[in-house]
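Protein chains in written order, with my numbering: chain A, 1 to 266; chain V, 1 to 282.
Worksheet: one structure, shown below.
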């Protein structure tokens, strides 16, 4: 990809980051990572490896115990973070009392964007995820995959440069997941986004990412950083290709190395 | 579905289901009305058959007659009770919501003030009413305080719990978009608290009426501008049993009315999204 070769100041710069919770658990130890504009990075690892914690620290939802994180030139959660970052939670996290339209409009409403300007942008975001006809539905009327699409539309409505996704498709069936994977890839490509995608699926991470960061648990830390720059455009054919299989093998092996002592605890 | 012709297999499958649904909806009204009518008829018959004197158990027809002849005095009392109940409920909502918000905002305030709320709640209103009647010279205000005490607690505790029950990921999202405290309250906390508040309102509506009636019983029949409880007491002193039943009937009509209004309100507010009010198809 052209944009991965870009040099200059990275979009995200983590240096020696630790996170220790109040109960003494070390969720992340000494994590250093730079992510360039336009990368699609997956955080892959077993549960308890601190991948979600790292994502929350980058978004500013969690504080850093030691070290520094710089996002787009400022500390996480500062600047106009709302329009910088889109965040997709593990669950769709929609307001059940509001329609799909109102849910997607929320980030704009919180930023004081008026109804007229908001309407254009909400409709744009909804048609981006193929839900233009569902604006007036309530979340309970939608399937799990559709709810997740609304959640993505909400994250994209502020036109962020950085999209953070915390195991967004873990609860979905295989078919919805495959479809949504393709949609996220095309959003990433067409909008020139930078995406950080937390997952525990090797196949998902290899299919999506230009780079897989493999993490290990107890304490949470980065153990491998694997670049996967080939195979574009990634589609159904890529899933069948030897290159995909080879990448999956490489990443699986790297992940296995982190599991040795974890397995004993289960 | 009505435009489907009956000869298609789909309509043939659907038709009995629609019919059954209609029948069920009709039964919803017919059954309770019939049951009440049968009970009244049986009552009327037994009183007549056993020649029970009206000062022991009056027949429903006599109660209805009393209701008509004493209409103006009973209605005046009913209006008094309605006014007392609604004002107590309104004050309970204002006070309960305000204090509930304060509780939700600050744990220390909640911990310091909650015991007082609990003490007010667990002490029977009949036991506090005589004191309040001594301290407050205006009887109406004293009655209002008693009814308010009873209706206040459910609103307070449910509002406080409701405001805390907002989804944690949604809270995170509001933080991510740097929502102001006011935006957080308006768009997240209040909608999350609404189901809890509506449940409290249904309970508090009935309790306000009970508080109003009980307080008036304690206060006695002093004064001319008095409520239904005074009519009941007065009739009891004069041994006018049919009139007692007539007043009692009006109290329960008020209670049912309040329940229906709060239930309707709850459905109007929550019907389009909350699980408790959504009709499910089977």
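Just so it is clear, CB atoms sit at the ideal spot from N, CA and C, and this is done for glycine as well.
Q) So what's residue 19 of chain A in DSSP terms, helix, strand or just coil? A) Along the first chain, one-based indexing puts residue 19 of chain A at 19. Note: residue 19 of chain A maps to strand in three-state DSSP.
Q: Count the CB pairs spanning the stretch 155-174 of chain A and the stretch 188-202 of chain A that are closer than 8 Å, and state whether there are at least three.
A: When C-beta atoms of the stretch 155-174 of chain A are compared with those of the stretch 188-202 of chain A, three or more pairs fall below 8 Å, so the two segments count as touching.
Q | Where the alpha helix (DSSP H) through residue 176 of chain A begins and ends | A | As a working mapping, residue 176 of chain A is identified with position 176 in the first chain. Following the DSSP letters along the chain, one finds residue 176 of chain A inside the alpha helix (DSSP H) bounded by residues 174-191.
Q. Near residue 228 of chain A, which residues of its chain fall below 7 Å by C-beta distance, leaving aside the five closest residues on each side in sequence?
A. Against the first chain, residue 228 of chain A aligns to sequence position 228. So the qualifying residues of the chain are 206, 209, 210, 211, 212, 247.
Q: Would you please verify whether the beta carbon of residue 95 of chain A is less than 8 Å from any beta carbon of chain B?
A: Absent from the structure is chain B; the protein chains it does hold are A and V.
Q: Quick one: list the residues of chain A neighbouring residue 170 of chain V, beta-carbon separation under 7 Å, in chain order.
A: Along the second chain, read from residue 1 onward, the residue named residue 170 of chain V stands at position 170. Correct list: 93, 95.
Q. Does the pairing of the stretch 239-256 of chain V with the stretch 67-79 of chain V give three or more beta-carbon distances under 8 Å?
A. Because the criterion of three Cβ pairs below 8 Å is met, the stretch 239-256 of chain V and the stretch 67-79 of chain V touch.
Q: Within the same chain, show all residues whose beta-carbon is closer than 7 Å to that of residue 10 of chain A, passing over the 5 residues directly before and after it, in chain order.
A: Within the first chain, residue 10 of chain A is the residue found at index 10, counting from 1. Once the five neighbours on either side are set aside, the close Cβ partners of residue 10 of chain A are 34, 35, 36.
Q) With DSSP run on the structure shown, which of helix, strand or coil describes residue 63 of chain A? A) The residue labelled residue 63 of chain A in the question sits at position 63 within the first chain. In this structure, residue 63 of chain A counts as coil in the three-state DSSP scheme.
Q) Are the C-beta of residue 7 of chain V and some C-beta of chain A separated by less than 8 Å? A) As a first step, residue 7 of chain V must be located in the second chain, where it is residue number 7. Its pLDDT being 47, under 50, residue 7 of chain V is placed unreliably in this model, and the value from its coordinates should be taken loosely. Taking 8 Å as the threshold, the shortest C-beta distance from residue 7 of chain V to chain A does not fall below it.
Q. Which of the residues in the stretch 257-275 of chain V, read from start to end, lie with their CB under 9 Å from any CB of chain A?
A. 270, 272, 273, 274, 275: these are the residues of the stretch 257-275 of chain V whose beta carbon lies less than 9 Å from some beta carbon of chain A, given in chain order.
Q.
Using the Cβ count rule (16 or more neighbours within 10 Å means buried), how would you classify residue 262 of chain V?
A. Position 262 of the second chain holds residue 262 of chain V. Around the beta carbon of residue 262 of chain V, a 10 Å sphere encloses 16 or more other beta carbons of the protein chains shown; the residue is thus reported as buried.
Q. Would residue 200 of chain V count as contacting chain A if we go by Cβ distances under 8 Å?
A. Sequence index remark: in the second chain, residue 200 of chain V carries index 200 (1-based). Under the Cβ distance rule, residue 200 of chain V does not count among the residues neighbouring chain A, no pair being separated by less than 8 Å.
**Q.** When A:100, A:51, A:31, A:173 are compared against residue 137 of chain A, the one with the closest alpha-carbon
**A.** Working through the first chain from its first residue, we reach residue 137 of chain A at position 137. Measuring from the Cα of residue 137 of chain A, the nearest candidate turns out to be A:100.
Q.
Let's see if you can read the secondary structure: which residues bound the alpha helix (DSSP H) around residue 203 of chain V?
A. By 1-based counting over the second chain, the position of residue 203 of chain V is 203. Where residue 203 of chain V is concerned, the enclosing alpha helix (DSSP H) stretches over 190-219.
Q. Would you call the stretch 48-56 of chain A and the stretch 123-136 of chain V touching, i.e. three or more CB-CB distances under 8 Å?
A. Three or more Cβ pairs closer than 8 Å define a contact, and the stretch 48-56 of chain A falls short of that threshold against the stretch 123-136 of chain V.
Q | Contacts of residue 89 of chain A in chain V (Cβ-Cβ under 7 Å) | A | The residue you call residue 89 of chain A lines up with position 89 of the first chain. Within chain V, the residues placing a beta-carbon under 7 Å from that of residue 89 of chain A are 169, ordered along the chain.
Q) In chain order, what residues of the same chain have a beta carbon less than 7 Å from the beta carbon of residue 105 of chain A, not counting five sequence neighbours either side? A) One-based indexing of the first chain puts residue 105 of chain A at position 105. Excluding its 5 nearest sequence neighbours in each direction, residue 105 of chain A has C-beta neighbours in its own chain below 7 Å: 118, 122, listed in chain order.
Q) residue 96 of chain V: buried (16+ other C-beta within 10 angstroms of its C-beta) or exposed? A) For the purposes of this step, residue 96 of chain V is taken as the residue at position 96 of the second chain. By the neighbour-count rule (16 or more Cβ atoms within 10 Å), residue 96 of chain V is buried.
Q) Which same chain residues, not among the five before or five after residue 250 of chain A, have their C-beta less than 7 Å away from its C-beta? A) Against the first chain, residue 250 of chain A aligns to sequence position 250. Excluding positions up to five away in sequence, the list reads 226.
Q: Tell me whether residue 252 of chain A sits in a helix, a strand or coil according to DSSP, three-state version.
A: Counting from one through the first chain, the residue named residue 252 of chain A turns up at place 252. It is helical.
(Q) Here's the rule: buried if 16 or more other CB atoms are within 10 angstroms of the residue's CB, otherwise exposed. What is residue 141 of chain A? (A) The residue labelled residue 141 of chain A in the question sits at position 141 within the first chain. Counting of Cβ neighbours within 10 angstroms places residue 141 of chain A among the exposed residues, the total staying below 16.
Q. Between the beta-carbon of residue 50 of chain A and the beta-carbon of residue 77 of chain A, is there less than 8 Å?
A. Position 50 of the first chain, counted from the start, is the residue given in the question as residue 50 of chain A. Position 77 of the first chain, counted from the start, is the residue given in the question as residue 77 of chain A. 8 Å or more divides the Cβ of residue 50 of chain A from the Cβ of residue 77 of chain A.
Q.
Given 7 Å as the limit, tell me if residue 124 of chain A has its C-beta closer than that to any heavy atom belonging to the ligand FMN.
A. With respect to small molecules bound, the structure shown includes none, and the ligand FMN cannot be examined in it.
Q) Anyone know if the C-beta pair for residue 255 of chain A and residue 214 of chain A falls short of 8 Å? A) By one-based count along the first chain, residue 255 of chain A stands at place 255. By one-based count along the first chain, residue 214 of chain A stands at place 214. The answer is yes: Cβ separation under 8 Å.
Q.
When you compare the CB positions of residue 228 of chain V and residue 214 of chain V, do they come within less than 8 Å of one another, or not?
A. Reading the second chain from its first residue, position 228 is the one you call residue 228 of chain V. Reading the second chain from its first residue, position 214 is the one you call residue 214 of chain V. Residue 214 of chain V is positioned such that its CB atom lies no closer than 8 Å to that of residue 228 of chain V.
Q: Check whether the Cβ atoms of residue 62 of chain V and residue 242 of chain V sit closer than 8 Å, and answer yes or no.
A: For the purposes of this step, residue 62 of chain V is identified with residue 62 of the second chain, where counting begins at 1. For the purposes of this step, residue 242 of chain V is identified with residue 242 of the second chain, where counting begins at 1. For the pair residue 62 of chain V and residue 242 of chain V, the CB atoms are nearer than the 8 Å cut-off.
Q) Going by beta carbon distance, what residues of the same chain come within less than 7 Å of residue 197 of chain V, once the five residues before and after it are set aside? A) Taking the first residue of the second chain as 1, we reach residue 197 of chain V at position 197. Same-chain partners within the cutoff: 158, 159, 162.
Q: At 3 residues or longer, and completely inside the stretch 79-134 of chain A: list those beta strand (DSSP E) runs for me, N to C.
A: Runs found: 85-88.
Q.
Buried or exposed for residue 192 of chain V, going by 16 or more other Cβ atoms inside 10 Å?
A. Here residue 192 of chain V refers to the residue found at position 192 when the second chain is read from its first residue. Burial call: buried.
Q. How about residue 89 of chain V and residue 156 of chain V: are their beta carbons less than 8 Å apart?
A. One-based indexing of the second chain puts residue 89 of chain V at position 89. One-based indexing of the second chain puts residue 156 of chain V at position 156. Taking 8 Å as the Cβ cut-off, residue 89 of chain V and residue 156 of chain V do not qualify as a contacting pair.
Q.
Run through chain A and tell me which residues come within less than 9 Å of residue 175 of chain V, C-beta to C-beta.
A. The residue you call residue 175 of chain V lines up with position 175 of the second chain. Neighbours of residue 175 of chain V across chain A, judged by C-beta separation under 9 Å: 60, 61, 77.
(Q) For residue 64 of chain V, tell me which candidate among V:233, V:17, V:44, V:207 has the shortest Cα-Cα distance. (A) Counting from 1 along the second chain, the entry for residue 64 of chain V is found at position 64. Taking the Cα of residue 64 of chain V as reference, the smallest distance to any Cα among V:233, V:17, V:44, V:207 is reached at V:44.
Q.
Given a cut-off of 8 Å on the beta-carbon distance, is the pair residue 117 of chain V and residue 153 of chain V in contact?
A. As a first step, residue 117 of chain V must be located in the second chain, where it is residue number 117. As a first step, residue 153 of chain V must be located in the second chain, where it is residue number 153. Closer than 8 Å, so yes.
Q | Beta-ladder partner(s) of residue 211 of chain A, from DSSP | A | To locate residue 211 of chain A, count along the first chain from 1; it is residue 211. Note: residue 211 of chain A sits in a beta bridge opposite A:41, A:227.
Q) Is it the case that the Cβ atoms of residue 145 of chain V and residue 206 of chain V are separated by a distance below 8 Å? A) Here residue 145 of chain V refers to the residue found at position 145 when the second chain is read from its first residue. Here residue 206 of chain V refers to the residue found at position 206 when the second chain is read from its first residue. By the CB criterion at 8 Å, residue 145 of chain V and residue 206 of chain V fall outside the cutoff.
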